[in-house]
Amino acid sequence: MPALNTATLATFASHPSSVSLPRYRRDAVHVGVVHLGLGAFHRAHQAMVFDRLLQDGNPRWGVLGVAMRSTELADALKLQDGLYAVQVASAEGLHWQVVGSLCDTCVAAREPGKVVAALAAPATRWVTLTVTEKGYGPALAELLVQGLAARRAAGLDGLTVASCDNLSDNGSKLQRLCLDVAAQQDTALAGWIASRCAFPNSMVDRIVPAATARQRTDAALAFGLDDAGALATEAFWEWVMEDRFADPSDAAVMRAVGVNVVEDVKPFEEAKLRMLNGSHTAMALLGAVQGWPTVADGVARPDVRQFVHGLMTQMVMPHLQRPDLPAYRDALLARFANPALQHKVHQIATDSSLKIPLRWLPTLNDNLQAGQGAEPLAFAAAIWMRYLLAEDEQDRGYAISDPQAEALQTLARAHRGDAQGTVQALLGVASIWGEALLHEERWTRRVTHWLARIQAVGAGAALVEVNAL
Ligand code: CS2
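Under this note's numbering, think of the first position of the sequence shown as 16, with each following residue one higher.
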């Protein structure tokens, strides 16, 4: 079967209405955005927003897609001239969109010079990033600062550097990292970055499962072309950005294609991280322990659905500012239930040691400070501890993908069967839980209770008990 690329797409003239193609001249598009982190999320979110800008006749929003380390996808997409298809699954049915905004790809670890040159190119205006929680370290900042230094040396304007990762204050965090690295080299460079580049905080949302062979097969059936980059996602997407751009006129440009540009991202960011991502992490760990494969399989179980509903309603929503919270919660439950997404629990459980502090801790601290109970999260914390045994309740083993996997698994196994010992050891990991929680007796007692119940009667029966409270 021929591969998807510019030439084969041109022959795909008589396509059904359930497929949309780039309507603009791709050879007139130039790179205005350097994107770091060429995963599925970027390609089904920001790249599709830039594609809309291109559809609207604005050719300067083409993307250079930079994979940080892995070469496979970047090279496959290059052979496809950057083209790939996204299957959008809504309540009305399936729709395919071929995205044309990706002009070129490269790999940062293999071709750092190409990334720096792109950051320093006159036409480049934005950098976007989806490098995941663990990507925010000195190596990332050094790469960015090198590019920004080259820009400054060439007398060019600063850039808008838009983090699109699920971190709180993502833009401010990235700015601090970059300024720290720059200040070590040259205080004038740090000053230039602070005054000429903008690091807007943002909240990004779209459920985009990692691609599997299934999307490639579906794309082959729909197009008669082989697409190594095919993806599936939901119809819903949201991008809320702080009104802080190197070029202030970009605010109106982004608004025109549906981006919500606001003064303060915080209420949106908190609601999304704590409601959506917080529920995701709880379901992912529970699913891994109980042995159900996807989020949709989980919310199809009345007990799991009731638990997630209760977690959001009792613990999370009372401490949020976003208006429309009950509707937001119900919409989330409907999104989780989308059977077309096949969002694997083990994918979401990846890097939980970095996700828990962002997704659960603010909610937990708010509740404990207000003197309120914390049963759903005490149960979720106990499930995380059970998850760390790396085998489900049917004794099937699984791999834990987490920077701290080995240490955490060793602790969990050393105290296997001993709820109190496990809780003391695992809540004592301060990089996840902070220093104070281990001494919150109300909290440790309830986590111990739920772990003991999970050990005694299993996660399913313990879930019924927590739901009954
Ligand atoms: C998920 C997110 O994998 C995960 O940790 O919680 O990728 C989630 O699907 C997105 O943030 C939705 O916008």
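C-beta: ideal position from N, C-alpha, C; glycine also. Quick caveat, the model's predicted, so the values are computed rather than measured.
Under 8 Å: does the beta carbon of residue i sit that close to some heavy atom of the ligand CS2?
i      : result
Pro371 : Residue identity differs from the one stated: residue 371 is Ile in this sequence, not Pro. Because no heavy atom of the ligand CS2 lies under 8 Å away, the Cβ of Ile371 does not count as near it: no.
Asn292 : yes
Asn20  : no
Gln357 : no
Thr365 : yes
His295 : yes
Asn216 : no
Phe56  : yes
Ile415 : no
Asp220 : yes
Val223 : yes
Gln61  : no
Asn185 : no
Asn181 : yes
Gln362 : yes
Lys287 : yes
Considering only C-alpha positions, which residue in the set the options is nearest to residue i?
i      : options                           : result
Ala62  : Glu148, His50, Glu253 and Gly72   : His50
Pro74  : Tyr151, Val146, Leu484 and Cys118 : Cys118
Pro372 : Val323, His361, Arg350 and Trp399 : Trp399
Asn181 : Gly108, Lys281, Ala226 and Arg40  : Lys281
Asp201 : Asp220, Tyr99 and Leu163          : Leu163
Ala477 : Val438, Ala226, Ala414 and Phe322 : Phe322
Val81  : Val130, Pro224 and Leu379         : Val130
Ala271 : Ala25, Arg67 and Asn482           : Arg67
Val462 : Ala405, Gly443 and Glu390         : Glu390
Ala177 : Asp241, Ile208, Arg259 and Gln384 : Arg259
Ala169 : Val146, Pro17, Val255 and Pro137  : Pro137
Ala84  : Ala124, Val103, Asp242 and Gly432 : Rather than Ala, the amino acid found at residue 84 in this sequence is Arg. Among Ala124, Val103, Asp242 and Gly432, the Cα nearest to that of Arg84 belongs to Ala124.
Gln470 : Ser210, Ile447, Leu442 and Ala434 : Ala434
Ala104 : Phe65, Leu94, Val34 and Gly97     : Val34
His295 : Ala135, Val223 and Lys93          : Val223
Ser264 : Pro127, Gly244 and Trp141         : Trp141
Leu174 : Ala261, Gly115, Ala89 and Leu158  : Ala261
Run the CB neighbour count on residue i, radius 10 Å, all protein chains shown included, and call it buried at 16 or more, exposed below.
i      : result
Glu421 : exposed
Gln112 : buried
His454 : exposed
Leu484 : exposed
Ala228 : exposed
Asp345 : exposed
Lys370 : buried
Lys494 : The structure shown has nothing for residue 494, since the chain only spans 16 to 484.
Asp410 : exposed
His57  : buried
Pro317 : exposed
Leu426 : buried
Thr145 : buried
His45  : exposed
Glu249 : buried
With DSSP as the reference, label residue i as helix, strand or coil.
i      : result
Thr378 : helix
Ala299 : helix
Asp220 : strand
Thr248 : strand
Tyr343 : helix
Thr175 : strand
Leu79  : strand
Trp141 : strand
Asp233 : helix
Met256 : strand
Cys212 : coil
Ala100 : strand
Val49  : strand
Gln112 : strand
Ser416 : coil
Ser35  : strand
Thr227 : coil
Ser294 : helix
Kindly examine the ligand MG and report whether one of its heavy atoms sits closer than 8 Å to the Cβ of residue i.
i      : result
Asp318 : Absence of the ligand MG is noted for the structure shown, with the ligand CS2 being the only ligands found.
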